[in-house]
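A.B. asks: Sequential numbering of the sequence shown, starting at 1, is according to UniProt numbering.
Backbone N, C-alpha and C define an ideal beta-carbon position, used for all residues, glycine too.
One structure, as structure tokens, below. Some questions next.
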Amino acid sequence: MREHDLSGGAEVLERTDLVARLALRHHDLSGDATATLINVSENATYRVDDPATGHRSILRVHRLGYHSERAIESELGWLEALREEAGVRTPRVIPSVAGLRVLAIDAPGGERRHCVMFEYLPGAEPTEDRLVEDFERLGALTARMHRHAREWRRPAGFDRFHWDYDAALGRESRWGRWQDGAGVDGEARAVLERLDTELRDRLAAFGRGSDRYGLIHADLRLANLLVEGERAPNVIDFDDCGFGWYLYDLGAAVSFIEHHPLVPEMIDSWLRGYRTVLPLSKEEEAEIWTFILFRRLLLVAWIGTHSAVDIARELGAGYTDGSCELAERYLGGSL
């Protein structure tokens, strides 16, 4: 996997800012509308404000080579179906003046980037004092999404990638090799090698039956949930949605906080909520930490290839050290 294309420093972000400004011209906005960068991860995300109307929206400028236009359209199709058919509040897509949901913007230098405009949803990321309570609602919400995924007749040409072992940690290693992560050397490498082997074997034994593997959000971490009062969270950023194990959505929900002392309670809360909608077998429950560690090892790889992203830079080698500690406990049967 090549280095993330938005990690190339100020020059790359300047070109991305230009693409954002060009994209605004294709929407029903005044000439005073502005695009303010608010996040860089796989993509660059902008808050769009139009002082002439007071309207606010969100513009996503896609990274190069991550998704085809058909794959982006497939994402937007499921996002819309979840909102219309499953009652999951997702952001509406705001089409261009020409009626396009996905814009292809040509920038100087021969780059062509895809852009999508979304409505601005209210709410805030779950706070630490409500994590256990919010995870029960998240569990029920996730089950509703999984139930819809199982029943939904995907449109012809639907195209999203997989999050199986090969795609995440094996031959493809979509976010890079964990072996190239920050601080992966010596003892750390040996511990994580044992973890990798155990994960591979357990996932193979767990299998990919239709009751366990299907269309998932794949990034239901706290930053992609907007809590508003007592209702189920609003869900944003389906950019990584694809085919994977349903329990991976629980692993992703504790991304970057897997070591938090409340995580066991959060898992129990998530399970209570999930079971109000769908059953989970004892066999599935027994593999919950397999999926948490699967996601964690994938994030070790992600940090290694996204060194310019704020959270990756902040976590660095410390995240690898914490991963080794969790891996030892998992391999020793104490998780």
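(1) Within a Cβ cutoff of 6 Å, which residues of the same chain sit near Arg47, ignoring the five residues on either side of it in sequence?
(2) Considering only their Cβ atoms, is the gap separating Ala23 from Leu103 smaller than 8 Å?
(3) Please classify Gly54 as buried or exposed, where buried requires at least 16 neighbouring CB atoms within 10 angstroms.
(4) Can you tell me where the beta strand (DSSP E) holding Thr45 begins and where it ends?
(5) For the candidate residues Gly242, Leu331, Val40 and Asp219, whose alpha-carbon lies nearest to that of Ile236?
(6) Taking only the alpha-carbon atoms, compute the straight-line gap between His217 and Glu265 and give it to the nearest angstrom.
(7) Between the Cα of Arg147 and those of Thr276, Leu199, Ala253 and Trp302, spot the shortest distance and give me the residue it belongs to.
(8) Mind checking if Arg15 is an interface residue toward chain B, Cβ cutoff 8 Å exclusive?
(9) With the cut-off set at 8 Å, would you say Arg130 and Ser74 are in Cβ contact?
(10) Thinking C-alpha only, which one of Gly322, Arg60, Ile303 and Thr320 is nearest Arg313?
(11) Report buried or exposed for Pro126, applying the criterion of at least 16 other Cβ atoms within 10 angstroms of its Cβ.
(12) With DSSP as the reference, label Cys324 as helix, strand or coil.
(13) With a 10 Å radius around its C-beta and 16 neighbouring C-beta atoms as the bar for buried, classify Thr142 as buried or exposed.
(14) For Ser323 and Glu287, what's the separation of their Cα atoms in angstroms?
(15) Would you list the one or two residues that DSSP bridges to Cys115?
C.D. replies: In short:
(1) Working through the sequence shown from its first residue, we reach residue 47 at position 47. Within the same chain, Arg47 has close Cβ partners Thr36 and Ile38.
(2) As a first step, residue 103 is located in the sequence shown; it is residue number 103 there, counting from the start. As a first step, residue 23 is located in the sequence shown; it is residue number 23 there, counting from the start. One thing to note: Leu103 has its Cβ within 8 Å of the Cβ of Ala23.
(3) On the sequence shown, residue 54 is found 54 positions in, with the first residue counted as 1. Gly54 comes out exposed.
(4) For the purposes of this step, residue 45 is taken as residue 45 along the sequence shown, with counting starting at 1. Start and end: Ala44 to Asp50.
(5) Along the sequence shown, read from residue 1 onward, the residue named residue 236 stands at position 236. If we check each option's Cα against that of Ile236, Asp219 comes out closest.
(6) Reading the sequence shown from its first residue, position 217 is the one you call residue 217. Reading the sequence shown from its first residue, position 265 is the one you call residue 265. Looking at the two C-alpha atoms, the distance is approximately 22 Å.
(7) Start at 1 with the first residue of the sequence shown, and residue 147 comes out as number 147. Comparing Cα positions, the closest option is Thr276.
(8) No chain B appears in the structure shown, which is made up of a single protein chain.
(9) By one-based count along the sequence shown, residue 130 stands at place 130. By one-based count along the sequence shown, residue 74 stands at place 74. No; because the gap between Cβ atoms is not below 8 Å, this pair is not in contact.
(10) Stepping through the sequence shown from its first residue, residue 313 is reached at position 313. Measuring from the Cα of Arg313, the nearest candidate turns out to be Ile303.
(11) Reading the sequence shown from its first residue, position 126 is the one you call residue 126. With 16 or more other Cβ atoms within 10 Å, it is buried.
(12) Taking the first residue of the sequence shown as 1, we reach residue 324 at position 324. Cys324 sits in a helix when the DSSP states are folded into three classes.
(13) Numbered from 1 along the sequence shown, position 142 holds the residue referred to as residue 142. Result: buried.
(14) Locating residue 323 in the sequence shown gives position 323, where the first residue counts as 1. Locating residue 287 in the sequence shown gives position 287, where the first residue counts as 1. In a straight line, the C-alpha of Ser323 is about 17 Å away from that of Glu287.
(15) Taking the sequence shown and counting its residues from 1, one reaches residue 115 at position 115. Partner(s): Val61 and Leu103.
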